[in-house]
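Residue numbers (the working numbering), protein chains in the order written: chain H, 943 to 1068; chain U, 943 to 1068; chain A, 943 to 1068; chain G, 943 to 1068.
Protein chains: 4
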Amino acid sequence: MLNIDPRSSKPLYEQIVDQIKEQIIKGILRPGDKLPSVREMSILLMINPNTVSKAYQELEREKAIETVRGRGTFISRNYQPKRDEEKLQELKEWLKKAVVEGRYLGLSRDDIVAMLEEIIQELEER
Amino acid sequence: MLNIDPRSSKPLYEQIVDQIKEQIIKGILRPGDKLPSVREMSILLMINPNTVSKAYQELEREKAIETVRGRGTFISRNYQPKRDEEKLQELKEWLKKAVVEGRYLGLSRDDIVAMLEEIIQELEER
Amino acid sequence: MLNIDPRSSKPLYEQIVDQIKEQIIKGILRPGDKLPSVREMSILLMINPNTVSKAYQELEREKAIETVRGRGTFISRNYQPKRDEEKLQELKEWLKKAVVEGRYLGLSRDDIVAMLEEIIQELEER
Amino acid sequence: MLNIDPRSSKPLYEQIVDQIKEQIIKGILRPGDKLPSVREMSILLMINPNTVSKAYQELEREKAIETVRGRGTFISRNYQPKRDEEKLQELKEWLKKAVVEGRYLGLSRDDIVAMLEEIIQELEER
DNA sequence: GTGGTCTAGACCACC
DNA sequence: GTGGTCTAGACCACG
């Protein structure tokens, strides 16, 4: 279900967070769906439970998932996007980094826009 | 000249690297321009010379700058972009992260494309 | 395990890099093998951890080793050699330097070729 | 006559030393030939006279050139190669470095030997 | 003057 | 436990 690479420089917990959010966007995970428990997930991914726990906490903080005591963890039903200036800033940083790097790789302005659109396409296929 | 935030979670040396690359793309720094010496820059930014040195070495590795022994450090004159599959992958990761995050912030597909174009615009103003 | 000479003019970190690469080629270190941690190695070699760290980072940049977060550093499993024009040029420089020097030492053309073959032999004994 | 690159990581004086020795081997410079004075050379190469001086001193130490007071500097006539264990060791280091690097670039044993022979060829063309 | 290397010692994020 | 970052301060080669 998730694809974790322990050799990546991206922290494990962040890989989990990002991929779960991606799957929610894609519709693979839907509101109300149950996530594996921390313990199950840690076995599935063969990583430390603390790491999974940290990922879940982060997702809960962002209101992407909800924990119901004694029942488990679920994709949020009533998720309401709200503008978060900080996140928005972060988002722009990523875009800028991509553009600067793209320029260095010899990409044209259109190349980069096309790439972005392709990525959006992929995420919305379903 | 550079805008360093010691409280950011992004390492200081990486902030330096990113900003210098950004200024090169923007044309603020031009091929052949001399950068402040490691010592000067460390005073300007009020950080340790070793940190500046690390940033310069990283930039040199990426061929963005060149150091001339005993003379100083300069923006590369004949930089030739070359396709680097890995860097390209990294770039896509950033874009994807931006898109996923954008969705979570309630941005539409067009919002994000518009944001990207705005960022490109800013970088190419000159 | 490694043989470091603090009096050599070759930087310590470079000695480490070169020797580890040599041991990988020789098969003494094999893909998946764990390297001593930075701290352990620094104690083994009686040098500063930062110096070991610098060596490891350089090796990682060259994809000779991989670090797994919180677990340690390992010889890369799936290293794929790729042609690198620059490295190749460097390599030729070393050969040329050896040839010129050899001539000055009174070695014949065959002497030098024999020496090279002997060195290759040594590296491939296992 | 000489081809100096101030941006190279190889020290200027070493570039001079290496190239002069190379030209002697190639026969471009012959025993008895006069070298430009330190001052002339420094102007030719547009570098600091001290740097040229350091190169000449090194060449003289290696008995590749001789200085005749008031007359100038000349390629040695009576150069007698003698085995110098230290130099020999250095030479082997270069060869080894080339071999290790070559392996990493995916070169076969024969590739490397062929490269060496090609380089010898070039040096002996005249 | 320049950058490169090294040490000692500290703090941090991640697992 | 792991490696990554940063500081302070030193020494060195090079030009």
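Think of the CB as a built atom: it goes at the ideal place given N, C-alpha and C, for glycine as much as any other residue.
| Item | Value |
| --- | --- |
| Proximity test, Cβ basis, 8 Å: D960(A) and chain G | yes |
| Bounding residues of the alpha helix (DSSP H) (the contiguous stretch that carries E1067(H)) | Here E1067(H) belongs to no alpha helix (DSSP H), and DSSP marks it neither H nor E. |
| Chain-ordered chain A contacts of L944(G) [CB-CB under 8 Å] | Under the 8 Å cutoff, chain A gives no residues; its nearest Cβ is about 14 Å from L944(G). |
| Secondary structure of K1005(G), DSSP reduced to three states | coil |
| Segment limits, beta strand (DSSP E) that includes I1017(A) | G1014 to I1017 |
| Element boundaries [alpha helix (DSSP H), containing Y1021(A)] | It is not in any alpha helix (DSSP H) - Y1021(A) carries neither H nor E in the DSSP assignment. |
| Residue environment, G1048(A), which counts as buried when at least 16 other CB atoms sit within 10 Å | exposed |
| Cross-chain neighbours of V1041(U) in chain G, by beta carbon under 9 Å | Under the 9 Å cutoff, chain G gives no residues; its nearest Cβ is about 37 Å from V1041(U). |
| CA nearest to the CA of V1070(A), picked from E1002(A), T1009(A), D1026(A) and E1064(A) | Here chain A has residues from 943 to 1068 only, and residue 1070(A) is not among them. |
| K952(U), buried or exposed, once every other Cβ within 10 Å from all chains shown has been counted against 16 | exposed |
| Distance between K963(H) and G969(H) (C-alpha atoms, nearest Å) | 10 Å |
| C-alpha gap between I966(G) and S979(G), whole angstroms | 17 Å |
| Residues that DSSP places opposite V1010(G) in a beta bridge | G1014(G) |
| Contact with chain G by R1051(U), beta-carbon distance below 8 Å | no |
| Residue from Q1063(G), R981(G), R949(G) and R1013(G) with nearest C-alpha to K1005(U) | R949(G) |
| L987(H) CB to nearest heavy atom of the ligand MN below 7 Å | As presented, the structure is devoid of all ligands, the ligand MN included, so that no description of it is given. |
| 7 Å Cβ cut-off: residues of chain A touching L977(H) | None at all; the shortest Cβ gap to chain A is about 23 Å. |
| Exposure of K976(A), with buried meaning 16 or more beta-carbon neighbours within 10 Å | exposed |
| Chain A contact for P991(H) (CB, 8 Å cutoff) | no |
| Reference G974(A), options I1017(A), Q1031(A) and G1012(A), closest by Cα | I1017(A) |
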